Each structure stands twice: as structure tokens, then as C-alpha cells.
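Undergrad: Sending over a structure as C-alpha cells; questions will come in a sec.
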Amino acid sequence: DDKEDDDGQEQGVDANGKSKQSRSEKKSRKAMLKLGMKPVTGVTRVAIKKSKNILFVISKP
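Take the sequence shown: its letter number 48 is residue 48 in UniProt numbering, and every next letter is one higher.
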């Protein structure tokens, strides 16, 4: 299967231990910064719903 990782790393995590951001997550983070939102400790996931079923999801903001 093409989706299997043979190098033993967790899916979505690079060699440095940081999570790999998808294009949509990068856009979501940029939109969050544009609104002036700041990181809050204890928050593990942010979901912002806009009109026309647009959903911004950010893991570990």
C-alpha cells in the first residue's frame, strides 16, 4: 500500500518531532493569526466554522 510508512515514524510527524502541517492547516493558522488570536495553554484542537461549510481545523495551535 502506498500509504504505509516503512521508516517507523508516526504519521504526520517528521524527523524533528514536529507535526507535518497540511496545506489547509497552514491556511487555518494564517487566518487565526490574521484575526489576532493567540495560543492558549491546554488547547489541543481549534475548529472554526464559516459559512458554506468551510471548516478551519488546527491541531496543537
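Backbone N, C-alpha and C fix where the C-beta goes; we use that ideal spot for every residue, glycine too.
Quantities reported herein were computed from a predicted structural model and do not represent experimental measurements.
1. Mind checking whether Val46 and Ile58 have CB atoms under 7 Å apart?
2. Which value, in whole angstroms, describes the spacing of the CA atoms of Ile48 and Thr41?
3. Give me whichever residues DSSP pairs with Val57 in a beta bridge.
4. Using the Cβ count rule (16 or more neighbours within 10 Å means buried), how would you classify Ser28?
5. Could you give the first and the last residue of the continuous alpha helix (DSSP H) run that contains Leu33?
TA: Walking through what the data contain:
1. Position 46 of the sequence shown, counted from the first residue, corresponds to residue 46. Position 58 of the sequence shown, counted from the first residue, corresponds to residue 58. Result yes, Cβ atoms of Val46 and Ile58 sit closer than 7 Å.
2. Position 48 of the sequence shown holds residue 48. Position 41 of the sequence shown holds residue 41. Rounded to whole angstroms, the gap between the alpha carbons of Ile48 and Thr41 is 18 Å.
3. Looking up residue 57 in the sequence shown gives position 57. In the DSSP assignment, the residues bridged to Val57 are Ala47.
4. As a working mapping, residue 28 is identified with position 28 in the sequence shown. Classification of Ser28: buried, given that the 10 Å Cβ count is 16 or more.
5. Here residue 33 refers to the residue found at position 33 when the sequence shown is read from its first residue. Counting along the chain, Leu33 sits inside the alpha helix (DSSP H) bounded by residues Arg23 to Lys34.
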